[in-house]
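Participant: Attaching a single structure in structure tokens format; questions to follow.
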Amino acid sequence: MKKETIAGKLIPLLIAFISMTAVKGYSQSAAALMTTSEKQAYSLEWLQDLYEPGVTMKNDSLVINKEAERLLNEASYRASIYPATYTWEAAAEFIRKDEIKKALWYFINLYTVNVQNKEIIIKSLLVYNRVFKMDKALMSSFYTYSLTDPEIGKIENGHSEITAPHVMENKLNSLKALLFYLNKYKTAEESKNEKMY
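Next up, the structure:
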């Protein structure tokens, strides 16, 4: 079995991030095929998705977005999001495909595996935090993917039921820790300035 180093795990994530942000908000291959107005529309939609939780409360009603609805109704799609074992390779692949919200869900799940993972994830999030509102994106990811996570509950007839609240609490604690470190390590300049997106 090959022993992976921190650098071995971090390099693919950083390469994916750099290639994605060369044209902010979308991949270069997609950008090459779009007009300026299409690029702007794509970027706005992409950012809206990044920051929009899958499940929200409005007045006295639950509001479910397209992603959460798809997770509730498509077992094969759920299987692609919730593997038996979360891996860095899968997280990097989501980043390469500009699916940052899914990658963040993997970060939340990889965070508690070991100390090396914690360090890699925090450093990665701090890089992203220079461009995006990572606190908002992390919360969006959690409230999109936690309620349909098979480790947390089950889905019957398009409805989610939490059967393992202790597992949800552990993942929520990972989210809280990541938010704490984002706030702790942001620079004074980042505190003064708004994010670009």
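Residue numbers for the sequence shown follow my numbering, so the first one is 15 and each next one is one higher.
By construction, the Cβ of each residue, glycine as well, lies at the ideal position given by its N, Cα and C atoms.
What is the DSSP secondary structure of Ala36, reduced to helix, strand or coil?
Facilitator: In the sequence shown, the residue the question calls residue 36 occupies position 22. Summary for Ala36: the model assigns pLDDT 43, below 50, so the residue's position carries little reliability, and this model does not support an answer.
Participant: With DSSP run on the structure shown, which of helix, strand or coil describes Val141?
Facilitator: For the purposes of this step, residue 141 is taken as the residue at position 127 of the sequence shown. Correct three-state label for Val141: helix.
Participant: Since Ser174 sits in a beta bridge, which residues does DSSP pair it with?
Facilitator: Within the sequence shown, residue 174 is the residue found at index 160, counting from 1. In DSSP, Ser174 forms a bridge with Ile169.
Participant: From the DSSP output, in three-state form, read off Thr70 for me.
Facilitator: Locating residue 70 in the sequence shown gives position 56, where the first residue counts as 1. Here Thr70 sits in strand by DSSP.
Participant: Could you check if Asp112 is buried or exposed, using at least 16 other CB atoms within 10 Å of its CB as the buried criterion?
Facilitator: Numbered from 1 along the sequence shown, position 98 holds the residue referred to as residue 112. Label assigned to Asp112: buried.
Participant: For Val127, name the three-state secondary structure that DSSP assigns.
Facilitator: Start at 1 with the first residue of the sequence shown, and residue 127 comes out as number 113. Residue state, collapsed to three classes: coil.
Participant: Please work out which residues of its chain come closer than 7 Å, Cβ to Cβ, to Glu165, disregarding the five sequence neighbours upstream and downstream, and give them in chain order.
Facilitator: Here residue 165 corresponds to residue number 151 of the sequence shown, with the count starting at 1. Excluding sequence neighbours, Glu165 sits near Ala178, Val181.
Participant: By how many angstroms is the C-alpha of Thr50 removed from the C-alpha of Gly172?
Facilitator: Start at 1 with the first residue of the sequence shown, and residue 172 comes out as number 158. Start at 1 with the first residue of the sequence shown, and residue 50 comes out as number 36. Each residue's alpha carbon lies about 39 Å from the other.
Participant: Quick one: measure Cβ to Cβ for Ser174 and Pro67, integer angstroms, because I've assumed they're closer than 8 Å.
Facilitator: The sequence position of residue 174 within the sequence shown is 160, counting from 1. The sequence position of residue 67 within the sequence shown is 53, counting from 1. Not a contact, Cβ separation roughly 14 Å.
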